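Residue numbers (the numbering used here): -17 to 196. The C-beta atom is built at its ideal place from N, Cα and C for all residues, glycine as well. Keep in mind it's a predicted model, so treat the numbers as computed, not measured. Quick notes on the structure that follows.
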Ligand code: 5GP
């Protein structure tokens, strides 16, 4: 049986405070085969964050240099700072057959879909607007002005949920995590992906490549 496979891209978006990073971290703990893309950002580091782990924290000049030399797969301005996905690690992982998860906003997701139309889009929603505000305050990492700006931006982000195939409501964490895992599992079973992953078997079963083309 062939083990050659091409990795998939998962685009995970959410308004700040919806619990996206906690869900993604829990997912990766149970499925280390997925590579998490580490974004570049020009925003200041928050307490508890590590350079190279949560983000590559870089200057605006460095950001422009990377973006202008086509080293970013996508780039967007979010809450007054620049964010972008380094292209090379993503391309390398996909070539190795690894799945890649991108935690990005709707603008970035749109750009990635242009390169990878088959990417799986997942949007995480809070159970209520009150819960969203409470989570932002509890995080205690941003001042009131930043929180107010993020709440305002949340509505703008959520207006794009329809551009993502899946919407998870993060009320009960364990339920939301199971739903996220289910989406990943089922997207891996799409027929074209299975045909590529198990090319020898499909061939042996007499299934032509044309019959499984996406
Ligand atoms: P935060 O500053 O709270 O970590 O992230 C703010 C927003 O930026 C979130 O919506 C997050 O998804 C988005 N973001 C993080 N990394 C990237 C990226 O590489 N590209 C884009 N387009 N958005 C990103």
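In the three-state reduction of the DSSP assignment, residue 24 falls in the coil class. Here residue 63 is near residue 25, since their CB atoms are less than 7 angstroms apart.
Uninterrupted beta strand (DSSP E) stretches at least 3 residues long and entirely within the stretch 111 to 187 occur at 148 to 151, given in chain order. Taken from the Cβ of residue 164, every heavy atom of the ligand 5GP lies 6 angstroms or farther away. Look at residue 60: its beta carbon is less than 6 angstroms from one of the heavy atoms in the ligand 5GP. Closest by C-alpha distance to residue 52, out of 68, 61, 42, 40, is 68. Of the residues assessed, residue 138 falls on the exposed side of the cut-off, its CB having fewer than 16 other CB atoms within 10 angstroms. In this structure, residue 90 keeps its C-beta atom at 7 angstroms or more from the C-beta atom of residue -11. Residue 16 and residue 10 have their C-alpha atoms some 7 angstroms from each other. Between residue -2 and residue 20, the alpha-carbon positions lie close to 17 angstroms from each other. Here residue 41 carries a coil assignment [DSSP, helix/strand/coil].
Within 6 angstroms of the C-beta of residue 67 there is at least one heavy atom belonging to the ligand 5GP. Not one heavy atom of the ligand 5GP sits closer than 6 angstroms to the Cβ of residue 1. In the DSSP assignment, residue 57 forms a beta bridge with 66.
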